[in-house]
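What follows is one structure encoded as structure tokens, with my remarks underneath.
Protein chains in written order, with the working numbering: chain A, 1 to 71; chain B, 72 to 265.
Pasting the structure below:
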């Protein structure tokens, strides 16, 4: 079920690359898969916030809520 | 833009193989036609499967608003949609051994009512649900999620998800008290071979 994809070059700092590689190890994903997942999540959050929704985290035990500040 | 792939289902009466198309990113007009046919079948033939109230045209909007996350897939055979599935790409796994990993979440899946034993004593086609679920596993592999999928099951389908080897994580009080099932990479591999 392979969908046609387009290639691009991505320039990252050493720090960004280190984070990317760390996240890839943790999630068992390739760099491409991780970037695609990040883009999906960013679009989902952005669209919901545009609709007037608010994004926050809730601690599983304490139920304490904190807003997520996006750039 | 839709992509089509040839898949095989079975004529329920004869077990003859029927060539069908798996459509990824199925178009709005096809969904609307399918919903009209599903509704007409329910009103003529009765039967009340637990998903009879699902409105696929409303669910389709998710694939427009969140185009990278939600995808709608359908099986078409004999000029008619035989089953539909809505998936969300990239949710988190709940099985402790898979914690932190991503999966494809099957939000809704159903065969057309004329293919469902819950609606008719003489279903037209078999394997529609299985082929759709296999497509979800394949999409999970394409995304690098190694075939991991998850779903909440209606009570009428719990036995089937157990029988195909998914892990039953019990009732989810945060989601209509429906049982939550997940498939690990190993279970996905066995499912695809079976």
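Just so it is clear, CB atoms sit at the ideal spot from N, CA and C, and this is done for glycine as well. Please read all numbers here as calculations on a predicted model, not as lab measurements.
TODO: Closer than 6 Å by C-beta to residue 133 of chain B: which residues in its own chain qualify, once you throw out the five before and the five after it? Chain order, please.
DONE: Excluding sequence neighbours, residue 133 of chain B sits near 141.
Task: Per-residue contacts from residue 1 of chain A into chain B (C-beta, under 9 Å) - done: For residue 1 of chain A, the chain B residues whose C-beta falls within less than 9 Å of its own C-beta are 74, 76, 93, 95, 206, 209, 210, 212, 213, listed in chain order.
Open item on the list: Rounded to whole angstroms, what is the Cα-Cα separation between residue 146 of chain B and residue 91 of chain B?
Closed with: Between the alpha carbons of residue 146 of chain B and residue 91 of chain B lies a gap of roughly 7 Å.
- [ ] May I have the straight-line CA-CA distance separating residue 185 of chain B from residue 50 of chain A, to the nearest angstrom?
- [x] About 41 Å.
Open item on the list: With distance defined between alpha-carbon atoms, name the residue in B:205, B:85, B:180, B:128 nearest to residue 275 of chain B.
Closed with: Outside the shown range of chain B (72 to 265) lies residue 275 of chain B, about which nothing can therefore be said.
- [ ] Identify which residue in B:115, B:138, B:246, B:128 has its Cα closest to the Cα of residue 105 of chain B.
- [x] Nearest Cα to residue 105 of chain B within the set B:115, B:138, B:246, B:128: B:128.
TODO: Compare the beta carbon distance of residue 217 of chain B and residue 256 of chain B with 7 Å and say whether it is the shorter of the two.
DONE: Yes. Within cutoff.
- [ ] Identify which residue in B:101, B:81, B:169 has its Cα closest to the Cα of residue 195 of chain B.
- [x] Ranking B:101, B:81, B:169 by CA distance to the CA of residue 195 of chain B puts B:81 first.
Task: Residue range of the beta strand (DSSP E) that includes residue 76 of chain B - done: Residue 76 of chain B: member of the beta strand (DSSP E) spanning 74-82, first to last residue.
Task: Cα-Cα separation between residue 163 of chain B and residue 87 of chain B, rounded to whole angstroms - done: Cα to Cα, residue 163 of chain B sits roughly 39 Å from residue 87 of chain B.
Task: C-alpha distance - residue 4 of chain A paired with residue 61 of chain A, whole-angstrom precision - done: About 44 Å.
Task: Separation of residue 176 of chain B from residue 55 of chain A, as counted between CA atoms - done: So the alpha carbons of these two residues sit roughly 21 Å apart.
TODO: Label residue 171 of chain B either buried or exposed according to how many other C-beta atoms from any shown protein chain fall within 10 Å of its C-beta, with 16 as the threshold for buried.
DONE: So residue 171 of chain B counts as exposed.
TODO: Determine the burial state of residue 59 of chain A: buried for a count of at least 16 other Cβ atoms within 10 Å of its Cβ, exposed for fewer.
DONE: That one is exposed.
TODO: Using three-state DSSP, classify residue 8 of chain A as helix, strand or coil.
DONE: Here DSSP, grouped into helix, strand and coil, assigns residue 8 of chain A to coil.
Task: Burial state of residue 254 of chain B, where buried means 16 or more other Cβ atoms lie within 10 Å - done: Buried, because 16 or more other Cβ atoms sit within 10 Å of the Cβ of residue 254 of chain B.
Task: Cβ of residue 246 of chain B within 7 Å of any chain A Cβ - done: Cβ-Cβ to chain A under 7 Å: no for residue 246 of chain B.
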